[in-house]
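Sequential numbering of the sequence shown, starting at 111, is according to the working numbering.
Heads up, the beta-carbon is just placed ideally off N, CA and C, and yes, glycines get one too.
Here the structure comes first, spelled out in structure tokens, and everything after it is commentary.
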Amino acid sequence: MTSLFRLRALSLLLIPVALSAQTGGDIPSKIAALEAATKSAQSAGDNAWMLVSSALVLMMTGPGLALFYGGLVRRKNVLGTMMHSFILMAVVTVIWAVAGYSLAFGGSSPFVGDLHFAFLNNVGSAPNPDYASTIPQQTFMVYQLMFAIITPALISGAFAERMKFSAMLLFTVLWSLIVYFPMAHMVWGKGGLLNASLGGKFPCFDFAGGTVVHITSGVSALVCALYLGKRLGFPGPAIKPHNLVISFTGACLLWVGWFGFNAGSALAASSLATSAFVATHFGAAAATLGWIFAEWIENGKPSVLGGISGCVAGLVAITPASGFVKPFPALLIGLCAGVVCYLMVTRVKAKFAYDDALDAFGVHGAGGTLGALLTGVFATSAVNDGFKDAAGKVLPLGVVDGNGGQVLNQLMGCLIAWVLAIVGTLIILKICDMTLGLRVGKEQESEGLDLSMHGEEGYIFES
111 MTSLFRLRAL
121 SLLLIPVALS
131 AQTGGDIPSK
141 IAALEAATKS
151 AQSAGDNAWM
161 LVSSALVLMM
171 TGPGLALFYG
181 GLVRRKNVLG
191 TMMHSFILMA
201 VVTVIWAVAG
211 YSLAFGGSSP
221 FVGDLHFAFL
231 NNVGSAPNPD
241 YASTIPQQTF
251 MVYQLMFAII
261 TPALISGAFA
271 ERMKFSAMLL
281 FTVLWSLIVY
291 FPMAHMVWGK
301 GGLLNASLGG
311 KFPCFDFAGG
321 TVVHITSGVS
331 ALVCALYLGK
341 RLGFPGPAIK
351 PHNLVISFTG
361 ACLLWVGWFG
371 FNAGSALAAS
381 SLATSAFVAT
391 HFGAAAATLG
401 WIFAEWIENG
411 KPSVLGGISG
421 CVAGLVAITP
431 ASGFVKPFPA
441 LLIGLCAGVV
451 CYLMVTRVKA
461 KFAYDDALDA
471 FGVHGAGGTL
481 GALLTGVFAT
491 SAVNDGFKDA
501 AGKVLPLGVV
511 DGNGGQVLNQ
521 LMGCLIAWVL
531 AIVGTLIILK
541 ICDMTLGLRV
551 GKEQESEGLD
561 LSMHGEEGYI
571 FES
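Okay, here's the thing in structure tokens:
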């Protein structure tokens with residue numbers, strides 16, 4: 111028995127020798143080749159997901175937001191309103207290529223990037239390991255561009271039906287430079303003041319843009335609405351949406367596109383992307399029900415407009431939390447957003463009588479702030495274990511993990527976003543007003559922006 115055991119042991123020891131003889135002693139090189147192939151496959155999969163996500167986020171602006179906002183205004187302003195979203199797909203892209211990407215993601219200062227990547231210098235197929243190590247930096251750049259496009263487009267919901275087209279263009283350029291790019295660097299850029307993973311002094315969790323996108327756009331929208339004043343006839347007889355069918359279609363496109371917005375922010379085809387995908391869907395569903403039932407209780411009827419507004423409110427609120435929370439906290443965040451944003455749009459707006467035409471502040475400003483704060487409560491390392499101390503130990507994230515101080519970091523992020531949006535937007539509006547004039551004349555507003563600004567009509571019934 112002992113001899114048999116020794117023979118078996120000897121045969122096991124001789125297996126590597128036999129394999130080495132069969133492969134010509136080239137095992138290390140074959141292992142290296144296998145590792146390279148595995149890395150290449152991972153990069154290809156991640157890159158494919160990120161390109162799809164980029165397309166989904168662009169779809170959120172056009173046609174999603176264009177249809178959503180376009181249906182909510184009066185018939186005489188449908189083209190002008192949709193044009194706001196469409197033209198920014200072109201304008202912001204050019205600004206981003208020239209300097210925007212570099213100001214957001216170049217350098218490592220606390221407040222704004224440098225011009226290291228100006229004119230997309232050195233932005234090619236090689237990954238930037240600071241941000242996404244498995245995809246080309248050019249893919250990362252174009253994905254982030256889609257966020258820069260939709261953010262100022264959201265603001266247009268506040269000044270719909272009354273701002274000059276030329277003033278809107280100048281406003282967008284200046285707002286991107288003064289508000290969006292610095293805020294994006296502070297939250298997502300290396301060394302940014304609020305960056306939780308790359309050396310920020312106040313680590314604020316913002317997975318996909320609660321502060322960067324929704325608070326800045328929503329608060330800026332309120333400032334615009336107050337500065338421009340009310341539309342002619344407001345708050346007289348209710349100004350009703352001219353076509354809820356196209357708004358409904360736009361909302362559905364936003365819901366679908368938002369998976370690229372949030373799940374894509376994992377920057378890889380990973381389990382974290384799956385978690386963000388699930389949280390996004392659950393948050394939107396709960397907010398839809400929250401808004402509808404609040405409206406049903408108060409008015410006796412659930413409206414289609416309420417349903418689609420609640421959906422967007424939930425998507426807004428879950429955005430900062432999507433990569434940090436489990437499914438049931440996502441449901442709770444969505445439910446809270448549906449009810450809170452409903453009250454903001456119906457009660458608070460009526461009490462203070464400001465004309466936020468399409469409720470950009472009530473949904474994005476309020477929903478973004480609520481979501482950012484609740485992220486500090488429900489964020490957990492069970493979902494996102496990417497935050498570790500010097501010894502490699504996974505850190506607690508939110509209150510549910512025992513880290514109550516995170517709520518203060520979230521509050522700091524919200525305050526900075528609010529202050530930057532208010533101060534920056536006021537300065538920009540003043541510049542635009544002094545140079546081009548902001549508001550159309552009374553006759554132009556009465557005629558509608560489609561004819562007065564573009565010389566066209568959305569609907570020609572005589573044809």
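For residue j and residue i, the rounded distance between their alpha carbons
i: residue 543; j: residue 283; result: 14 Å
i: residue 376; j: residue 342; result: 45 Å
i: residue 219; j: residue 227; result: 14 Å
i: residue 523; j: residue 136; result: 54 Å
i: residue 560; j: residue 517; result: 45 Å
i: residue 266; j: residue 168; result: 17 Å
i: residue 555; j: residue 277; result: 15 Å
i: residue 436; j: residue 365; result: 19 Å
i: residue 111; j: residue 141; result: At residue 111, the pLDDT of 49 sits below 50, so the modelled position is not reliable and the matter cannot be decided from this model.
i: residue 484; j: residue 443; result: 7 Å
i: residue 367; j: residue 170; result: 5 Å
i: residue 299; j: residue 290; result: 12 Å
i: residue 354; j: residue 412; result: 14 Å
i: residue 129; j: residue 152; result: Interpretation of residue 129 is limited by its pLDDT of 48, a score under 50 that renders its predicted location unreliable; no figure is taken from the coordinates.
i: residue 402; j: residue 234; result: 47 Å
i: residue 348; j: residue 270; result: 15 Å
i: residue 392; j: residue 308; result: 29 Å
i: residue 310; j: residue 564; result: 45 Å
i: residue 380; j: residue 182; result: 37 Å
i: residue 397; j: residue 232; result: 43 Å
i: residue 499; j: residue 506; result: 10 Å
i: residue 509; j: residue 362; result: 33 Å
i: residue 468; j: residue 318; result: 23 Å
i: residue 494; j: residue 346; result: 50 Å
When the options are compared against residue i, the one with the closest alpha-carbon
i: residue 566; options: 256, 187 and 298; result: 187
i: residue 190; options: 570, 540 and 558; result: 558
i: residue 204; options: 252, 502, 155 and 170; result: 252
i: residue 540; options: 285, 484 and 182; result: 285
i: residue 463; options: 339, 249 and 572; result: 339
i: residue 230; options: 222, 221, 255 and 240; result: 255
i: residue 457; options: 527, 445 and 472; result: 472
i: residue 570; options: 155, 159 and 185; result: 185
i: residue 99; options: 408, 407, 511 and 451; result: There is simply no residue 99 to check, as the chain begins at 111 and stops at 573 in what is shown.
i: residue 165; options: 239, 496, 335 and 372; result: 372
i: residue 439; options: 415, 395 and 420; result: 395
i: residue 330; options: 279, 315 and 268; result: 268
i: residue 425; options: 447, 310, 410 and 468; result: 447
i: residue 322; options: 459, 479 and 533; result: 479
i: residue 400; options: 449, 387 and 434; result: 449
i: residue 535; options: 488, 344, 337 and 378; result: 337
i: residue 274; options: 546, 572 and 138; result: 546
i: residue 528; options: 406, 460, 156 and 320; result: 320
Assigned secondary structure, residue i (DSSP; H/G/I helix, E/B strand, else coil)
i: residue 311; result: coil
i: residue 461; result: helix
i: residue 242; result: strand
i: residue 549; result: strand
i: residue 187; result: helix
i: residue 353; result: coil
i: residue 232; result: coil
i: residue 111; result: Per-residue confidence for residue 111 stands at a pLDDT of 49, beneath the threshold of 50, marking its modelled position as unreliable; the derived number appears in the next sentence. Here residue 111 sits in coil by DSSP.
i: residue 163; result: helix
i: residue 556; result: helix
i: residue 436; result: coil
i: residue 398; result: helix
i: residue 572; result: coil
i: residue 377; result: coil
i: residue 129; result: Confidence at residue 129 is low in this model, with a pLDDT of 48, below 50, so the placement of that residue is unreliable and no value is reported for it.
i: residue 387; result: helix
i: residue 430; result: coil
i: residue 138; result: helix
i: residue 413; result: coil
i: residue 561; result: helix
Beta-carbon separation (whole angstroms), residue i vs residue j, contact threshold 8 Å
i: residue 477; j: residue 427; result: 5 Å
i: residue 262; j: residue 327; result: 7 Å
i: residue 144; j: residue 474; result: About 48 Å; that fails the 8 Å criterion.
i: residue 272; j: residue 455; result: Not really, about 19 Å apart at Cβ, beyond 8 Å.
i: residue 357; j: residue 196; result: Wrong, their Cβ atoms sit about 16 Å apart, outside the cutoff.
i: residue 198; j: residue 360; result: With a Cβ gap of about 16 Å, residue 198 and residue 360 do not count as contacting.
i: residue 325; j: residue 154; result: Not a contact, Cβ separation roughly 36 Å.
9 Å Cβ cutoff, residue i in contact with chain C
i: residue 481; result: Absent here is chain C; the protein component of the structure consists of one chain.
Scan the segment 460-530 and note each continuous alpha helix (DSSP H) run of 4 residues or more that stays entirely inside, going in chain order.
476-488
Length-filtered (4 minimum) alpha helix (DSSP H) runs lying within the segment 166-225
176-182, 188-205 and 211-215
Please specify which runs of the beta strand (DSSP E), each continuous and at least 3 residues long, are wholly inside the segment 262-304, giving them in chain order.
none
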